[in-house]
DNA sequence: GACTATACGGAGTCTCGACTTCGGATATCA
DNA sequence: TGATATCCGAAGTCGAGACTCCGTATAGTC
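Protein chains in written order, with full-length UniProt numbering: chain A, 1 to 203; chain B, 1 to 203.
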């Protein structure tokens with residue numbers, strides 16, 4: 001309900017099926033390409049890997065920014081759905097920490113996602129910001145539930161938790177950080193989020 | 001002893017004082033410009049703000065990458081010196097946590113620094129990698145000392161600690177994360193680094 | 001099978017930014 | 001002060017990548 005409903009409403013005829021298939025393939029490829037190379041990857045490469053001409057890409061997405069936005073919206077929506085699904089999980093603590101881990105692992109192969117997690121919140125266009133906020137709210141719900149269950153300390157709030165989520169995701173997105181180190185770093189963060197602790201390192 | 005010693009050795013005459021002044025000013029401006037806008041900021045803007053022609057920038061630094069590298073080397077060296085100075089501080093725990101906080105705050109106004117903290121380690125040229133490793137080693141020394149003093153748990157190692165340092169620095173570097181949230185996020189990380197805790201959120 | 005709106009791809013244009021050229025200025029030294 | 005090696009800036013070149021034009025192909029409809 002976020003994308004791909006353009007001509008359906010408004011009177012004009014529906015999109016041709018080949019055009020719809022191309023649009024979908026372009027989105028898939030763009031997610032991979034921008035995921036691997038960041039947003040500096042070229043539109044031409046997306047077209048080539050999708051097996052279409054560059055004009056076709058620009059016909060479906062008027063600017064490169066629009067394409068990137070569409071990719072991000074889809075990704076954010078998917079992550080939000082996964083987060084919301086976890087709200088039904090039996091153990092709130094497991095749900096929260098698992099999703100944290102999942103998002104970081106997911107971002108590890110998607111540079112642009114990690115970057116965008118941050119950027120989309122502030123500026124950006126309405127749709128992308130909305131998708132980003134949707135994800136943020138879902139994380140907030142997981143957090144609150146985990147706190148009520150006593151799995152996360154009560155004195156932390158969404159902004160700093162989300163900041164840590166973004167920070168670890170963005171860093172995991174780049175090469176050079178192997179999986180084991182990432183897991184150990186997350187363990188430290190999770191320990192910091194756990195209840196029953198005193199204040200260290202205060203200046 | 002890392003930069004600015006070019007013509008001094010080797011027989012040729014020393015650099016003219018106006019040239020040396022320009023070189024220094026270019027480095028200062030470049031640090032600001034790349035700090036604020038990331039490495040995508042243009043060389044021409046550096047030249048303009050430094051009050052010189054663009055050719056002068058390229059005369060001193062043969063490529064944009066070389067300029068960026070010079071900026072980073074200088075910055076890394078400076079941070080390393082600060083870290084090493086803290087090794088004489090009375091309290092090892094305070095030294096470690098203060099430097100962590102300092103580095104994150106420093107990176108908050110220097111996008112390129114945060115990015116480079118990560119990148120320089122892996123590839124990059126010899127000089128930049130060396131400077132980066134120097135900083136990493138200095139952080140390692142602070143960490144070990146803090147652990148011996150019982151201010152940081154014994155079962156964490158430099159890779160994951162450095163990863164967290166990089167992660168929080170990079171994220172702090174972008175807009176939209178206010179100072180208070182940053183401080184609260186760091187508190188969580190520091191709590192995770194503190195000794196005497198059980199394992200939460202394990203899956 | 002023919003007709004047509006829709007979609008396609010290749011070959012452009014246009015802008016931007018890294019880097020060079022070269023004639024003119026100036027610090028340095030005698 | 002005069003000679004000159006060094007340094008400077010304005011105006012280029014060059015390549016890359018975002019975006020457009022237009023003749024051709026094809027899905028959808030009869």
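Yeah, the Cβ is synthetic: ideal placement off N, Cα and C, and Gly gets one too.
If you're wondering where the values come from, they're calculated on a predicted model, not measured in any experiment.
Alpha carbon to alpha carbon, what distance is there between residue 54 of chain B and residue 108 of chain A?
Mapped onto the first chain, residue 108 of chain A falls at position 108. Mapped onto the second chain, residue 54 of chain B falls at position 54. If I take the Cα positions, the gap works out to 38 Å.
Assuming residue 41 of chain A and residue 67 of chain A are in contact, meaning their beta carbons sit under 8 Å apart, how far apart are those beta carbons, in whole angstroms?
As a first step, residue 41 of chain A is located in the first chain; it is residue number 41 there, counting from the start. As a first step, residue 67 of chain A is located in the first chain; it is residue number 67 there, counting from the start. Going by Cβ atoms, the distance from residue 41 of chain A to residue 67 of chain A rounds to 11 Å, so no, they are not a contact pair.
Show which residues of chain A have a CB atom less than 7 Å away from the CB atom of residue 177 of chain B.
As a working mapping, residue 177 of chain B is identified with position 177 in the second chain. Going along chain A in sequence order, the residues near residue 177 of chain B (Cβ under 7 Å) are 163.
Using three-state DSSP, classify residue 61 of chain A as helix, strand or coil.
Counting from 1 along the first chain, the entry for residue 61 of chain A is found at position 61. Looking at residue 61 of chain A - three-state DSSP - the assignment turns out to be coil, as it is neither helix nor strand.
The alpha helix (DSSP H) that contains residue 192 of chain B, what's its start and end?
Translated into positions along the second chain, residue 192 of chain B becomes position 192. Where residue 192 of chain B is concerned, the enclosing alpha helix (DSSP H) stretches over 179-193.
Could one say the Cβ of residue 92 of chain B lies closer than 8 Å to chain A's Cβ atoms, at least one of them?
Along the second chain, read from residue 1 onward, the residue named residue 92 of chain B stands at position 92. So, not an interface residue.
List the whole-angstrom C-beta distance separating residue 78 of chain A from residue 186 of chain A, where the pair is believed to meet the contact cut-off of C-beta under 8 Å.
Indexing the first chain from 1 puts residue 78 of chain A at position 78. Indexing the first chain from 1 puts residue 186 of chain A at position 186. Actually they are not in contact, since the Cβ atoms of residue 78 of chain A and residue 186 of chain A sit about 21 Å apart, beyond 8 Å.
Could you pull the start and end residues of the alpha helix (DSSP H) that residue 106 of chain A belongs to?
For the purposes of this step, residue 106 of chain A is identified with residue 106 of the first chain, where counting begins at 1. 92-107 is the span of the alpha helix (DSSP H), which, as asked, contains residue 106 of chain A.
Do the region 141-148 of chain B and the region 165-174 of chain B make contact, defined as three or more Cβ pairs closer than 8 Å?
At 8 Å Cβ cutoff, the stretches do not touch.
When you compare only the Cα positions, how much space is there between residue 202 of chain B and residue 98 of chain A?
As a first step, residue 202 of chain B is located in the second chain; it is residue number 202 there, counting from the start. As a first step, residue 98 of chain A is located in the first chain; it is residue number 98 there, counting from the start. The pLDDT assigned to residue 202 of chain B is 43, lower than 50, so where the model puts this residue is not dependable; a value taken from the coordinates is nonetheless given after this. Cα to Cα, the separation comes out at about 9 Å.
Could you pull out every residue in the same chain whose Cβ sits closer than 6 Å to the Cβ of residue 116 of chain A, ignoring the five residues on either side in sequence?
Against the first chain, residue 116 of chain A aligns to sequence position 116. Cβ within range, chain order: 72.
Can you tell me whether residue 51 of chain A is helix, strand or coil according to DSSP?
Position 51 of the first chain, counted from the start, is the residue given in the question as residue 51 of chain A. In this structure, residue 51 of chain A counts as coil in the three-state DSSP scheme.
DSSP three-state label for residue 141 of chain B, please.
Counting from 1 along the second chain, the entry for residue 141 of chain B is found at position 141. Residue 141 of chain B falls in the helix class under three-state DSSP.
Within the 8 Å Cβ cut-off, does residue 166 of chain B reach chain A?
Translated into the one-based positions of the second chain, residue 166 of chain B becomes position 166. Closer than 8 Å to some Cβ of chain A, the Cβ of residue 166 of chain B qualifies, so yes.
Given a threshold of 16 other Cβ atoms within 10 Å of its Cβ, counted over all protein chains shown, does residue 160 of chain A qualify as buried or as exposed?
Taking the first chain and counting its residues from 1, the one referred to as residue 160 of chain A is at position 160. Residue 160 of chain A should be labelled buried.
Is there at least one Cβ from chain A nearer than 8 Å to residue 86 of chain B's Cβ?
Locating residue 86 of chain B in the second chain gives position 86, where the first residue counts as 1. With 8 Å as the cut-off, residue 86 of chain B does not count as an interface residue toward chain A.
For residue 89 of chain B, which three-state DSSP category applies?
By 1-based counting over the second chain, the position of residue 89 of chain B is 89. Three-state DSSP puts residue 89 of chain B in coil, outside helix and strand.
Could you check whether residue 138 of chain A and residue 80 of chain A sit closer than 8 Å to each other, using their CB atoms as the reference points?
Locating residue 80 of chain A in the first chain gives position 80, counting from the first residue. Locating residue 138 of chain A in the first chain gives position 138, counting from the first residue. Contact: yes.
Could you give the residue range of the alpha helix (DSSP H) that holds residue 167 of chain B?
Against the second chain, residue 167 of chain B aligns to sequence position 167. Taken as a continuous stretch (DSSP letters only), the alpha helix (DSSP H) holding residue 167 of chain B covers 158-172.
So that I know if they touch, is there some Cβ in chain B lying closer than 8 Å to that of residue 39 of chain A?
Looking up residue 39 of chain A in the first chain gives position 39. Answer no: the Cβ-Cβ gap between residue 39 of chain A and chain B never drops below 8 Å.
Any idea what DSSP makes of residue 18 of chain A, helix, strand or coil?
Within the first chain, numbered from 1, the residue matching residue 18 of chain A stands at position 18. Correct three-state label for residue 18 of chain A: helix.
Does residue 195 of chain A pass the burial test, meaning 16 or more other C-beta atoms within 10 Å, or should it be called exposed?
Within the first chain, the letter at position 195 stands for residue 195 of chain A. Burial call: exposed.
Strictly below 8 Å CB to CB, what residues from chain A border residue 28 of chain B?
Reading the second chain from its first residue, position 28 is the one you call residue 28 of chain B. Within chain A, no residue comes near residue 28 of chain B; the closest Cβ sits about 27 Å away, beyond 8 Å.
Please list, in chain order, the chain B residues whose beta carbon lies closer than 7 Å to that of residue 160 of chain A.
Sequence index remark: in the first chain, residue 160 of chain A carries index 160 (1-based). Going along chain B in sequence order, the residues near residue 160 of chain A (Cβ under 7 Å) are 181, 184, 185, 188.
Under 6 Å Cβ to Cβ from residue 4 of chain A, same chain only, skipping five residues before and after it: list those, please.
By 1-based counting over the first chain, the position of residue 4 of chain A is 4. Note that residue 4 of chain A has pLDDT 43, beneath the 50 cutoff, so the model's placement of it is unreliable and the number below is only indicative. Contacts found: none.
So residue 143 of chain B packs on residue 96 of chain B, CB below 8 Å; how close in whole Å?
Your numbering for residue 143 of chain B matches position 143 in the second chain. Your numbering for residue 96 of chain B matches position 96 in the second chain. Sure, about 6 Å apart at Cβ, within 8 Å.
Roughly how many whole angstroms lie between the Cα atoms of residue 59 of chain B and residue 69 of chain B?
Numbered from 1 along the second chain, position 59 holds the residue referred to as residue 59 of chain B. Numbered from 1 along the second chain, position 69 holds the residue referred to as residue 69 of chain B. When rounded, the distance between both Cα atoms is 15 Å.
Beta-carbon separation of residue 193 of chain B and residue 141 of chain B under 8 Å?
Here residue 193 of chain B corresponds to residue number 193 of the second chain, with the count starting at 1. Here residue 141 of chain B corresponds to residue number 141 of the second chain, with the count starting at 1. The answer is no: Cβ separation not under 8 Å.
With DSSP run on the structure shown, which of helix, strand or coil describes residue 42 of chain B?
Against the second chain, residue 42 of chain B aligns to sequence position 42. The answer is coil: DSSP assigns residue 42 of chain B none of H, G, I, E or B.
I'd like to know if residue 51 of chain A contacts chain B, where contact means its C-beta is closer than 8 Å to some C-beta of that chain.
For the purposes of this step, residue 51 of chain A is taken as residue 51 along the first chain, with counting starting at 1. Not an interface residue.
Please classify residue 104 of chain A as buried or exposed, where buried requires at least 16 neighbouring CB atoms within 10 angstroms.
By 1-based counting over the first chain, the position of residue 104 of chain A is 104. Answer is buried; the Cβ neighbour count reaches 16.
Take residue 114 of chain A as the anchor and find which of A:82, A:76, A:83, A:94 has the nearest alpha-carbon.
Here residue 114 of chain A corresponds to residue number 114 of the first chain, with the count starting at 1. That would be A:76, whose Cα lies nearest to the Cα of residue 114 of chain A.
DSSP three-state label for residue 77 of chain B, please.
On the second chain, position 77 is the one that residue 77 of chain B refers to. Looking at residue 77 of chain B - three-state DSSP - the assignment turns out to be helix.
From residue 43 of chain B to residue 17 of chain B, what distance separates their C-alpha atoms?
To locate residue 43 of chain B, count along the second chain from 1; it is residue 43. To locate residue 17 of chain B, count along the second chain from 1; it is residue 17. One C-alpha to the other measures close to 23 Å.
What residue from B:26, B:153, B:37 has the CA that sits closest to residue 48 of chain B's CA?
Sequence index remark: in the second chain, residue 48 of chain B carries index 48 (1-based). Taking only the C-alpha atoms, the option nearest residue 48 of chain B is B:26.
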